[in-house]
Every structure is written in structure tokens, then in C-alpha cells.
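This report concerns only the one structure given below.
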Amino acid sequence: MVHFVGAGPGAPDLITRRGAALLEQADVVIYAGSLVNPALLGLCREGCRVYDSARMTLEEVLDVMIPVSQRGEQVVRLHTGDPSLYGAIREQMDILREKNIPFDVTPGVSSFCAAAGAVEGEYTLPGVSQSVIITRMAGRTPVPERESIPALAAHGATMVIFLSAGMLDKLQEQLLQGAYTLETPAALVYKASWPEEKVVRCPLGELAQKGREHNISKTALVLVGDFLAGDYQRSKLYDPSFTTGYREGKP
Ligand code: SAH
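To convert, count from 1 in the sequence shown and add 1318; that's the working numbering.
Here's what the structure looks like:
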């Protein structure tokens, strides 16, 4: 059987208990070496075979996974954060399904959640934004035109931009073509939850310059939106005058 497991954002104690248990009993682990904290491999039992997928193609990954799982051994495919975001798991699952190899998916704490923790922020503030747009700049992987940064930035919602810290000049320029202004608050979060985590806050107009100053060009998320500023409304749920299924409101 193949277990796709989210490793979490980096700190080894941010993997789920289920993910950790699967790692402990795995016969083979294939991990995304560029981003998964190698400390997690310390959970593997002695004799577990470990492969770094940073050096492998999809075909090479499958060539390891398929015969091993056909022999009845347990394979853990360890992806950074949550595997559903930029994890390239669909192409693996489709081939396993075709070959009748059973698999399951264990979610992980995505880096965008760790980044919110790092800035001590809440993405969905009443009166500010109730939506989070998770996206990326087009790189070698194209992004559909209707999802271009200016098109998504037109909403002025909370945005979390992955895989784009190496293109901050272009990103800043494109974000400014939407609803944000030079003063809209932004943050660069480098290696959220790792010991070397860095948080750089700045107005959007200074994003690229701050990236250069702090030498951040990879393994970082860009957060944009007024959720990083001071103003918001209190929640209705916890308002004393609000009646819910669990609590009678008082005028
Ligand atoms: N599945 C992962 C994302 C993989 S794409 C997740 O859910 O987080 C790789 C990109 O994720 C990186 O280029 C970077 O933008 C972001 N990333 C991954 N780990 C990060 C971390 N600890 N801190 C900040 N950004 C991170």
C-alpha cells in the first residue's frame, strides 16, 4: 500500500500523529528532499529504505513505489506541507489506481497555515476579508490566464502566494494592478516553523526591495491584504448579544 503523507511545514513536531505512525512503520519512504525536514526521517525504523525524490522523475518514483507495494510492503510518499497544494500527487494516484495499487492520503499542516501563525494573523477577518486566495506566479508551470495575479488581486481579498519568492519585482507590480495599493500591508514569510524562520513585514510597494535586503528568494510565502493591518470587526459568534444554537444572546 502507498500512503501519501503531508509532512507539515518544516518543524518535525508539526506532522500529524497519523503521518508519524505511518512513517514509523514504513518499509520505504520517498520524501521531497528539497523541502521536507530531514529530521522527520528520524522516525523511520531501522532498515527502512529512504529515497529523495528531488533527484527523481515521476517514472523513477513509480518504479520504486509499484514493485514495493505489490510485494505487500508499506510505502510512504512524504510531501511538504499538505500534499494537495502544489504536491504533484494526482499524477501518482492516477497511475496507482490504473495498476490497482491501493493508496490513501494523510493531510498535513500547509505552510500557509504555519505562515499565519508566524505573523500571528487571521486570514478571514470580519469586515476585512472572508476569502483566502492561494495562488502562484506563472513560472515553468503555466497559470491559466483567468487566474493571473492582476485578475485575482482585483478582489482585494487575502492572498497567499506560493512558489514566487524568486520573482518579487514582477509579483509586486502585478499585485498593484489589482485592488491593492502601495500601502496595502504585505509579509514575506521564509521557512515558516523552521529554526531559521524569518518574517518581514512591509507595505506592498516595498515588497521586492525587502526581499533583496533580507536575501529571501525561495522557500517563502508572500502574504498580502488588510488582514495584516489593525482594523476589523468583532466576530458575531462571540458577541454577547448574538444568539446561537449553544448560547442565548443578551441585549
Ligand atoms: N504542499 C506545500 C507547498 C509545496 S510548493 C504546502 O502545503 O505548503 C513549495 C512552496 O511552498 C515553496 O516555494 C514556498 O513558497 C512554500 N513553502 C513550503 N514550505 C514553506 C515554509 N515552511 N515556509 C514558507 N513557505 C513554504
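The beta carbon of each residue, even a glycine, is placed where N, CA and C say it ideally should be.
Keep in mind that this is a model prediction, so the values were computed, not measured.
Using the Cα positions of residue i and residue j, report the straight-line distance between them to the nearest angstrom.
i     : j     : result
A1474 : Y1441 : The amino acid at residue 1474 is misidentified as Ala; the sequence shows Gly. Computed Cα separation, rounded: 13 Å.
V1423 : M1319 : 11 Å
V1427 : V1478 : 15 Å
L1506 : R1519 : 6 Å
E1501 : M1455 : 21 Å
R1565 : V1368 : 52 Å
E1377 : E1416 : 14 Å
Y1556 : E1438 : 20 Å
G1390 : I1384 : 10 Å
R1335 : G1360 : 15 Å
G1405 : D1549 : 35 Å
R1530 : S1352 : 22 Å
M1411 : D1544 : 38 Å
Is any heavy atom in the ligand SAH found nearer than 6 Å to the beta carbon of residue i?
i     : result
T1398 : yes
V1507 : yes
F1545 : no
G1328 : yes
A1510 : yes
Y1404 : yes
F1322 : no
S1447 : no
S1429 : yes
A1325 : no
A1538 : yes
L1481 : yes
Give me, in chain order, the residues of the same chain whose beta-carbon lies closer than 6 Å to that of residue i; leave out the 5 immediate sequence neighbours on both sides.
i     : result
P1503 : L1546, A1547
A1329 : S1511
G1337 : V1323, T1424
S1449 : A1475
L1340 : H1321, V1323, V1394
P1401 : F1322, G1324, I1407
K1488 : none
Is the beta carbon of residue i sitting closer than 7 Å to the one on residue j?
i     : j     : result
L1470 : T1453 : yes
A1344 : C1366 : yes
L1539 : A1433 : yes
Y1508 : I1534 : yes
V1382 : S1371 : no
T1476 : S1429 : no
P1460 : Q1551 : no
K1568 : F1560 : no
L1396 : V1346 : no
L1579 : Q1490 : There is no way to answer for residue 1579, as the model of the chain reaches only from 1319 to 1569.
Excluding five sequence neighbours on each side, which residues of the same chain lie with their C-beta closer than 7 Å to the C-beta of residue i?
i     : result
S1387 : M1319, V1320, V1393, I1419
G1457 : L1481
K1536 : A1483, G1484
Y1498 : A1471, G1474, L1522, V1542
I1333 : A1325, G1326, L1358, G1426
V1517 : A1436, V1437, A1505, V1507
I1413 : L1380
In terms of alpha-carbon separation, which member of the options lies closest to residue i?
i     : options                    : result
G1326 : I1413, L1358, A1339        : L1358
E1515 : E1524, L1525, A1526, H1532 : H1532
V1354 : G1567, T1398, V1347, Q1410 : T1398
Q1527 : P1356, P1558, L1486, D1549 : L1486
With a threshold of 6 Å, establish whether the CB of residue i neighbours any heavy atom of the ligand FMN.
i     : result
A1357 : With respect to small molecules bound, the structure shown includes the ligand SAH and not the ligand FMN.
Using a Cβ-Cβ cut-off of 8 Å (strictly less than) and excluding sequence neighbours within five positions of residue i, which residues of its own chain qualify?
i     : result
R1363 : E1342, Q1343, A1344
G1563 : none
Q1492 : M1455, S1466, I1467, P1468, A1471
C1431 : P1327
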